[in-house]
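In the numbering used here, the protein residues as written are 5 to 231. C-beta atoms are modelled at their ideal positions from N, C-alpha and C, and glycine is treated no differently. Reading through the structure tokens given below for one structure.
And the structure:
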């Protein structure tokens with residue numbers, strides 16, 4: 005129930021491939037992303053993009069940003085963006101944690117980050133995912149997009165680095181803001197870096213049509229049985 009850290013961008017997309025391929029013994033080198041070379045650092049590393057038909061994947065930077073900061077109810081219903089991914093324009097309250105890593109002061113606008121120079125005086129580690137509570141989630145119900153761990157996204161920056169967003173338990177509140185992005189080499193692994201995966205969810209209208217189709221088939225089969 006804690007975020008994974010010490011994971012490179014390449015191994016993050018391997019996890020997405022594994023999910024795409026059904027987990028278990030699912031392949032990690034093909035699927036949502038095509039990874040070539042047979043080595044931990046792929047031979048095509050800087051040209052990897054999401055494949056069409058991907059069912060599990062890292063978010064693009066735009067997808068991550070919208071999930072964290074957007075709220076369609078703002079600006080009179082026309083939509084706008086918060087400064088922080090806790091539906092707030094003010095810095096979150098610094099989380100405190102109990103002995104098992106659960107946030108012990110959940111509530112409105114709480115996140116696991118540091119507000120001082122010495123992070124060892126605070127949590128000094130990751131906290132249980134979502135334990136800040138629903139009042140600290142984004143509009144879309146995502147937890148911990150601010151603080152806890154930096155999260156990889158798909159964007160390629162300066163030709164050789166992959167994007168990071170959201171800050172971590174060891175960073176200040178400015179790293180949680182919508183205005184800040186970061187990036188490092190995709191082989192990088194650190195105690196403050198993790199990742200978030202997303203999946204495809206059908207539009208409600210598609211689900212409704214599918215349900216109608218199932219009902220129509222059931223009715224047709226009943227009629228055929230009756231005749």
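- In the DSSP assignment, the residues bridged to residue 116 are 151.
- The straight-line gap separating the alpha-carbon atoms of residue 113 and residue 56 is approximately 37 Å.
- DSSP, read as helix, strand or coil, puts residue 161 in strand.
- For a cut-off of 8 Å, the C-beta gap from residue 61 to residue 36 is around 5 Å, short enough to register as a contact.
- The secondary-structure analysis by DSSP pairs residue 31 with nothing; it has no beta-bridge partner.
- Look at the beta carbons and you see the segment 200-208 not touching the segment 182-191: under three pairs across the two are nearer than 8 Å.
- Rounded to the nearest whole angstrom, the C-alpha separation of residue 158 and residue 111 is 31 Å.
- By the neighbour-count definition (other C-beta atoms within 10 Å, threshold 16), residue 144 is an exposed residue.
- The beta carbon of residue 66 lies closer than 7 Å to none in the same chain, with the five residues before and after it left out.
- Within the same chain, Cβ atoms closer than 7 Å to the Cβ of residue 178 are found at 184, the five residues on either side in sequence being excluded.
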